[in-house]
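Everything on this sheet refers to the single structure shown next.
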Amino acid sequence: MDSTLTTDETTEKKTRKEAERRNFDKNSILTTLVNTPGNYSDANSEYKGLGLRVSPLLKAVWHYRPRDADGKQVRVKPLPVDLSDDADGVTVFNLVQARARFKEDKKNAKLSKNQLADLKRKNLTLNDVFEEFLENRRTKGSEELAAATKATHTRSYNNIKALAGDWPLRDTKAGKWSDLLQKFTPTRANQIKNFISGVYDYLFMRDELDINPITKVTKSRVIKKTEARMVAVKVMDLPTFWGRLENIRQPGRHVTTVTLLTGFRSSAVRMMRWSQLDFELGAYFVQKGQPGWKGFQGVVPLSDAVLDILRARYDDPMRDSEWIFPARSEGTKFPYLSSMRGTVEKCSEGFEHRLAPHDLRRSFSSFANIVMGNELKKIGALMTHKWGVDAEKRVITRQQITLRYIQSEFAPLRHATNRLSQFILELAGAAPLSAETKALMEKEGHDASHLVLPELSDDEDPTNEE
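If you count the sequence shown from 1, position 454 lands on 472 in the numbering used here, and the numbers rise without skipping.
Next up, the structure:
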């Protein structure tokens, strides 16, 4: 914690009783003094000027007034006393920490304002800049960091705060950061590495630092890069997945089905609101900065199958929430459904890979490639990838919707998402297998005659619990 030094050019109105010189190095003496009201000074000549003041209410503080280059006293905020061995050095100070701060402030008192500013830049730490970084860091699109990104950075900071929060960023070399990161799992290490690198980049752009040592950490490859997960629902597993999904209670069944049929990120689906849904147009309007959409804003089409699910939820006489998928009970951390992981894992038990929610988005992409072939821009638009949305002439708000847009741009996208939903439903056995789907699957090398919904065996869990 940096002390704020200001020149005290006035004489104290109240003259304090001259401090008693005492041997602070003797623990028994110091313990007694801390519990005895009075004003004491360190008898150790190396720390002449360091004092201990104890109020009648036994509030103890270290205090001192170093002199600047002109011999004038500099006021320094008193430091709260702590005598325990595990003092954190931030809010309370034991004798060793107080003496170190005393010597540092005594030296800094003689520096000019410009010299102090240079020193502060040199000694910047993660602890110094973390809150500023979260508040002012911007994305490539000049947007404020999303809530989820801030939460991830905060978790990374908390992981290393005790270990490296006070390391001077300018002087900490790549090797030291590398040694620190190797204490964590590859996934967590990469998250922390990205956070630290972001801090360095932020300070670099503010001309506070001149280098980002994390680039060397990345190039050294000592931190194993997390391999991209490539898991998706296999075609032959889809009927089993769907059959189990039909036995899941609400809202787990609906939120999982909508995620599978739209390809949206699970967090985006869980946080959908009724106010942004247009049943007549068959669309959902994403507002600027909403979490789960990775910076996307605009209108996305919904298939008839998805609209049927949402309409059934809307017509539910028990509906009383702004959220399409509200939390199951009041008083929870989030007002919307917090997770669908349990549903997805339960429906994929016994598969080669137990599925995670994001695997459904990957599955949608795989099915889209089968149905739409080389229409990559349209697939990207349906999945709200920025490159695909821009190529398909994105519409931002309801006010920008025109009849021409509906006919020329939106209608083809709605048709595409309907084709995809129907294709997935047929593969799942939830709809009759069409000649078109059968031909597509045979073209992909699958025996379409096997695409039937299997009966659940007696070993399947018949309960409606997730």
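Yeah, the Cβ is synthetic: ideal placement off N, Cα and C, and Gly gets one too. All values reported here derive from a predicted model rather than from experimental measurement.
The alpha-carbon of phenylalanine 441 is positioned some 14 Å away from that of methionine 254. Going by C-alpha positions, leucine 355 is about 34 Å away from glycine 391. The beta-bridge partner set that DSSP reports for glutamate 162 consists of Arg156. Here the alpha carbons of valine 251 and serine 381 stand approximately 6 Å from one another.
DSSP links valine 79 through a beta bridge to Arg71, Pro98.
Put simply, the stretch 81-88 touches the stretch 112-132. At least three CB pairs are less than 8 Å apart. Residue environment analysis places isoleucine 178 among the buried positions, since at least 16 neighbouring C-beta atoms fall within 10 angstroms of its C-beta. Taking C-beta atoms under 8 Å as the contact rule, proline 231 and tryptophan 185 fail to qualify, at a distance of about 11 Å. Within its own chain, no residue has a Cβ closer than 7 Å to the Cβ of aspartate 326 once the five positions on either side in sequence are excluded. In terms of Cα proximity to phenylalanine 259, the closest of Lys95, Val362, Ile388, Val147 is Val362.
Assigned with DSSP and collapsed to three states, arginine 239 falls in coil, not helix or strand. Between the alpha carbons of alanine 446 and isoleucine 214 lies a gap of roughly 45 Å. Along the stretch 245-280, the alpha helix (DSSP H) occurs as fully enclosed runs of 4 or more residues at 256-263, 270-280, listed in sequence order.
Only buried fits tyrosine 175, as 16 or more other CB atoms lie within 10 angstroms of its CB. Here the alpha carbons of phenylalanine 343 and methionine 290 stand approximately 7 Å from one another.
One Cα belongs to glutamate 36, the other to asparagine 145, and the distance between them is close to 38 Å.
The C-beta distance from histidine 371 to valine 249 rounds to 5 Å, short enough to meet the 8 Å contact threshold. If you look at tyrosine 58, you'll find it in the beta strand (DSSP E) that goes 56-60. A straight line joining the alpha-carbon of leucine 163 with that of glutamine 305 spans about 15 Å. Note on alanine 453: under 16 other CB atoms within 10 angstroms of its CB, so exposed under the neighbour-count rule.
For glutamate 363, the uninterrupted alpha helix (DSSP H) segment begins and ends at 359-365. In its chain, beyond the 5 residues on either side, Phe297 have a beta carbon closer than 7 Å to the beta carbon of arginine 329.
The Cβ atoms of alanine 449 and leucine 458 lie no closer than 9 Å to each other. Residue pairing by DSSP places tryptophan 341 opposite Arg291 in a beta bridge. Ranked by Cα distance from valine 235, the options Lys201, Asn265, Asp197, Arg267 are led by Asp197.
With 16 or more neighbouring CB atoms inside 10 Å of its own CB, phenylalanine 282 falls in the buried class. For tyrosine 302, the enclosing beta strand (DSSP E) covers residues 301-304. If you look at glutamate 36, you'll find it isn't in any alpha helix (DSSP H); DSSP assigns it neither H nor E.
Considering only Trp292, Lys351, Ser357, the residue with the shortest C-alpha distance to aspartate 334 is Trp292. In this structure, valine 94 sits away from phenylalanine 111, with a CB-CB distance that is not shorter than 9 Å. Contact between proline 319 and arginine 437 fails: their C-beta atoms lie close to 11 Å from each other, not under 8 Å.
In this structure, DSSP gives glycine 216 a helical state, which the three-state scheme calls helix. Contact between asparagine 208 and lysine 243 holds: their C-beta atoms lie close to 7 Å from each other, under 8 Å.
Apart from the 5 residues on each side of it in sequence, threonine 205 sits with its Cβ closer than 6 Å to the Cβ of Thr244 in its chain, given in chain order. In the structure shown, the three-state DSSP call for phenylalanine 441 is helix. Of the residues assessed, alanine 301 falls on the buried side of the cut-off, its CB having 16 or more other CB atoms within 10 angstroms.
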